[in-house]
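**Student:** Numbering-wise (our numbering), the sequence shown opens with residue 113 and increments by one. Where a beta carbon is used, it is the ideal one built from N, C-alpha and C, also for glycine. Keep in mind it's a predicted model, so treat the numbers as computed, not measured. Here it is: the structure, laid out below.
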Amino acid sequence: MNTEHIVRTFVEYFQERGHRHLAGSSLLPLPGDPVLFTTSGMHPLTPYLEGRPHPLGRRLVNVQRCLRTTDLDEVGDDTHLTVFEMLGTWSLGDYEGPRSLGWGHNLLVNGFGIDPGLLHATVFGGDEHSGPDTGSLRTWEELGVPVELTTDENWWSNGPTGPCGPDSEIFMWTGDTPPRSTPTGDDRWVEVWNHVMLRYRRHDDGSLDLLPRPNVDTGLGLERLSAILQGRKSVFETDLFEPWMRSVPPLWPLDQRQLRLVCDHLRSSAVVIGEGVLPSNTGRGYVLRRLVRRVLTTLWRDDPSRTLADLPEELIQHTLDHFGLPGRTGRIRDVLLDEERRFTQLLQRGRRVLSQPRFSAPLTEEDYTYLHDTHGLPRELVRGLRTGTPG
Ligand code: SER
113 MNTEHIVRTF VEYFQERGHR HLAGSSLLPL PGDPVLFTTS GMHPLTPYLE
163 GRPHPLGRRL VNVQRCLRTT DLDEVGDDTH LTVFEMLGTW SLGDYEGPRS
213 LGWGHNLLVN GFGIDPGLLH ATVFGGDEHS GPDTGSLRTW EELGVPVELT
263 TDENWWSNGP TGPCGPDSEI FMWTGDTPPR STPTGDDRWV EVWNHVMLRY
313 RRHDDGSLDL LPRPNVDTGL GLERLSAILQ GRKSVFETDL FEPWMRSVPP
363 LWPLDQRQLR LVCDHLRSSA VVIGEGVLPS NTGRGYVLRR LVRRVLTTLW
413 RDDPSRTLAD LPEELIQHTL DHFGLPGRTG RIRDVLLDEE RRFTQLLQRG
463 RRVLSQPRFS APLTEEDYTY LHDTHGLPRE LVRGLRTGTP G
């Protein structure tokens with residue numbers, strides 16, 4: 113089942129159950145939002161989860177592009193990506209959690225053909241603020257799915273304040289043996305789908321009160337689902353990454369982790385630039401700058417002559433098309449090359465300055481301040497140059 117077919121199956125399944133298809137929003141939240149990038153499907157819907165009526169009604173389904181920098185160091189494993197897509201559904205004060213879990217289980221098993229014996233759920237077991245999620249527990253028992261109760265792992269919030277609540281996650285076994293242990297005890301259980309019972313709002317002082325109406329917010333990582341349904345061990349082996357994983361290795365021989373990082377970060381950079389962001393030293397631009405510089409550092413570790421000028425336009429085009437972004441590939445390439453030039457110049461300057469005898473001893477706070485203020489060399493870059501891993 114290719115990814116396009118998976119998306120269509122998901123959306124149509126929920127449309128048949130009364131959900132309206134909401135177009136995915138930009139990766140960039142609206143002005144005034146303190147968050148740099150959209151990190152989950154629910155984020156753009158926050159006002160509606162807090163009670164404002166949504167123009168499309170109380171049942172929604174969509175595909176939302178998201179960016180998470182919290183997972184940056186995990187990129188290169190089988191499941192984490194910087195830019196990824198989330199299939200999401202919402203009940204805005206309409207049906208409750210058990211119905212959502214039942215529909216979710218039915219879609220996975222009967223719609224996507226997943227062996228029900230490979231599923232495991234986790235459920236909120238209760239803490240000092242909120243009791244156990246008995247509705248979810250009962251639903252899984254009725255469906256014959258084993259359950260693990262946790263507290264911290266099964267509480268979802270999008271930030272320190274705002275809508276939050278207990279969640280129930282569906283995991284799938286990916287090991288070569290029959291399933292064993294539980295999701296928190298064995299990472300061969302891969303999280304597939306999170307159903308959040310968004311019943312509360314957390315205030316600045318940490319207190320919780322009930323939202324005007326309880327919602328259900330669910331999210332399912334598209335790339336992970338594609339990997340499972342396409343029988344692949346990693347998201348990088350799915351059709352979504354096929355052109356990247358085919359074209360990059362002949363260009364730049366890299367080990368597997370490096371190859372995955374380069375493909376993820378370049379694809380993510382193309383999306384972020386396509387959304388109108390330019391590299392800079394603050395905010396969104398800094399996230400983009402870090403992505404591009406991590407790619408360059410990885411490429412140059414074995415061969416400093418490698419250049420992003422060799423990146424096939426076809427890969428950028430494939431990414432823009434997939435995300436429905438209107439940008440021109442030439443412009444994205446220009447931004448990447450401009451950043452490559454700046455980073456090259458910065459490294460040259462850094463190496464020149466750091467080769468002075470006064471910097472041969474361990475650096476002091478004063479040295480870092482001088483290098484930053486006088487030569488524009490950030491502390492991280494200086495540290496990286498000293499350890500051979502700038503970026
Ligand atoms: N908001 C929840 C998550 O991101 C479910 O969509 O996991």
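1. Given a cut-off of 8 Å on the beta-carbon distance, is the pair Leu198 and Leu334 in contact?
2. Rounded to whole angstroms, what is the Cα-Cα separation between Val447 and Tyr482?
3. Only counting the same chain, and skipping five residues up and downstream in sequence, which positions put a Cβ closer than 7 Å to that of His484?
4. For Trp356, which of helix, strand or coil comes out of DSSP?
5. Do Glu452 and Thr409 have their C-beta atoms within less than 8 Å of each other?
6. Which residue marks the beginning of the beta strand (DSSP E) containing Arg177, and which one marks its end?
7. For ligand 1, any of its heavy atoms closer than 7 Å to the Cβ of Ser152?
8. Starting from Phe455, trace the beta strand (DSSP E) in both directions and tell me its first and last residue.
9. Please say whether Arg325 and Gly274 have beta carbons closer to each other than 8 Å?
10. When every heavy atom of ligand 1 is checked, does at least one fall within less than 7 Å of the C-beta of Val308?
11. Less than 7 Å between the CB of Asp183 and some heavy atom of ligand 1, yes or no?
12. For Gly223, collect the residues of the same chain with a Cβ closer than 7 Å to its Cβ; drop the 5 residues on either side in sequence, then sort them by chain order.
13. Does the count of Cβ pairs from the region 170-177 and the region 200-212 closer than 8 Å reach three?
14. Compute the distance between the beta-carbons of Ala339 and Glu354, then report whether it is under 8 Å.
15. Does DSSP put Ala233 in a helix, a strand or coil?
16. Can you give me the start and stop residues for the beta strand (DSSP E) that His315 sits inside?
17. Can you tell me whether Asp190 is helix, strand or coil according to DSSP?
18. At 3 residues or longer, what runs of the beta strand (DSSP E) sit wholly inside the region 205-283?
19. Who are the Cβ neighbours of Arg292 in its own chain at under 8 Å, not counting the five residues just before and after it?
20. For Glu253, count the other beta carbons within 10 Å of its own beta carbon; 16 or more makes it buried, fewer makes it exposed. Which is it?
21. From this set, Val123, Arg470, Glu186 and Leu249, which residue's C-alpha is nearest Arg211's C-alpha?
22. Return the CA-CA distance between Asp264 and Thr191, expressed in angstroms with no decimal places.
23. Go ahead and label Val404 buried or exposed: buried means 16 or more other beta carbons lie within 10 angstroms of its beta carbon, across all protein chains shown.
24. Is the Cβ-Cβ distance between Arg396 and Gly188 less than 8 Å?
25. From Thr296 to Glu260, what does the alpha carbon distance come to, in whole angstroms?
26. If I measure Cβ to Cβ from Ala421 and keep anything under 7 Å in the same chain, skipping five residues before and after, which residues do I get?
27. On the three-state DSSP scale, how would you describe Thr296?
28. CB-CB under 6 Å to Val308, same chain, minus the five flanking residues each way: which ones, in chain order?
29. Alpha carbons only, please: which of Ile226, Asn306 and Thr246 is nearest the one belonging to Met154?
**Tutor:** Let me spell this out:
1. By one-based count along the sequence shown, residue 198 stands at place 86. By one-based count along the sequence shown, residue 334 stands at place 222. Before going on, a small fix: residue 198 reads as Met here, not Leu. Yes.
2. Here residue 447 corresponds to residue number 335 of the sequence shown, with the count starting at 1. Here residue 482 corresponds to residue number 370 of the sequence shown, with the count starting at 1. Val447 and Tyr482: Cα-Cα distance of roughly 30 Å.
3. Counting from one through the sequence shown, the residue named residue 484 turns up at place 372. If we look at His484 and ignore the five residues flanking it on each side, its Cβ neighbours are Pro490 and Arg491.
4. Position 244 of the sequence shown, counted from the start, is the residue given in the question as residue 356. Under the three-state reduction of DSSP, Trp356 is assigned to helix.
5. Within the sequence shown, residue 452 is the residue found at index 340, counting from 1. Within the sequence shown, residue 409 is the residue found at index 297, counting from 1. Against a cut-off of 8 Å, the Cβ pair of Thr409 and Glu452 comes out as no contact.
6. By one-based count along the sequence shown, residue 177 stands at place 65. Arg177 -> beta strand (DSSP E) spans Arg171 to Leu179.
7. Against the sequence shown, residue 152 aligns to sequence position 40. Ser152 Cβ: within cutoff of ligand 1.
8. As a working note, residue 455 is residue 343 in the sequence shown. For Phe455, there is no enclosing beta strand (DSSP E); the enclosing alpha helix (DSSP H) covers residues Thr441 to Leu466.
9. The residue labelled residue 274 in the question sits at position 162 within the sequence shown. The residue labelled residue 325 in the question sits at position 213 within the sequence shown. It is not a contact, given that the beta carbons lie outside the stated cut-off.
10. What you label residue 308 is simply residue 196 of the sequence shown in a count that begins at 1. Yes, ligand 1 has a heavy atom inside 7 Å of this Cβ.
11. Residue numbering aside, residue 183 sits at position 71 when the sequence shown is read from its first letter. Answer for Asp183: no, Cβ out of range of ligand 1.
12. Counting from one through the sequence shown, the residue named residue 223 turns up at place 111. The residues Thr121 and Tyr125, in chain order, have a CB closer than 7 Å to that of Gly223 in the same chain once the five nearest residues on each side in sequence are set aside.
13. The way I'd put it, the region 170-177 does touch the region 200-212; three or more beta-carbon pairs between them come closer than 8 Å.
14. Counting from 1 along the sequence shown, the entry for residue 339 is found at position 227. Counting from 1 along the sequence shown, the entry for residue 354 is found at position 242. By the CB criterion at 8 Å, Ala339 and Glu354 fall outside the cutoff.
15. The residue you call residue 233 lines up with position 121 of the sequence shown. Three-state DSSP puts Ala233 in a strand.
16. Residue 315 sits at position 203 when you count from the first residue of the sequence shown. Note, His315: premise wrong, no beta strand (DSSP E); not H, not E.
17. Position 78 of the sequence shown, counted from the first residue, corresponds to residue 190. In this structure, DSSP gives Asp190 a state outside helix and strand, which the three-state scheme calls coil.
18. Those beta strand (DSSP E) runs which fall completely within the region 205-283 and span 3+ residues are 231-236, 259-262 and 267-269.
19. The sequence position of residue 292 within the sequence shown is 180, counting from 1. Hits under 8 Å: Asp298.
20. The sequence position of residue 253 within the sequence shown is 141, counting from 1. Exposed.
21. The residue given as residue 211 occupies position 99 in the sequence shown. Measuring from the Cα of Arg211, the nearest candidate turns out to be Leu249.
22. If you number the sequence shown from 1, residue 264 lands on position 152. If you number the sequence shown from 1, residue 191 lands on position 79. Asp264 and Thr191 have their alpha carbons spaced roughly 22 Å apart.
23. For this step, residue 404 is matched to residue 292 along the sequence shown. Buried is the call here.
24. Position 284 of the sequence shown, counted from the start, is the residue given in the question as residue 396. Position 76 of the sequence shown, counted from the start, is the residue given in the question as residue 188. In this structure, Arg396 keeps its C-beta atom at 8 Å or more from the C-beta atom of Gly188.
25. Here residue 296 is taken as the residue at index 184 of the sequence shown, counted from 1. Here residue 260 is taken as the residue at index 148 of the sequence shown, counted from 1. Distance between the alpha carbons of Thr296 and Glu260 is about 8 Å.
26. Numbered from 1 along the sequence shown, position 309 holds the residue referred to as residue 421. Within its own chain, the residues whose Cβ lies closer than 7 Å to the Cβ of Ala421, once the five positions on either side in sequence are excluded, are Leu449, listed in chain order.
27. In the sequence shown, the residue the question calls residue 296 occupies position 184. Secondary structure at Thr296: helix, using DSSP grouped into helix, strand and coil.
28. For this step, residue 308 is matched to residue 196 along the sequence shown. Here the set comprises Trp268, Gly277, Asp279 and Asp329.
29. Start at 1 with the first residue of the sequence shown, and residue 154 comes out as number 42. Nearest neighbour of Met154 by Cα position, chosen from Ile226, Asn306 and Thr246, turns out to be Asn306.
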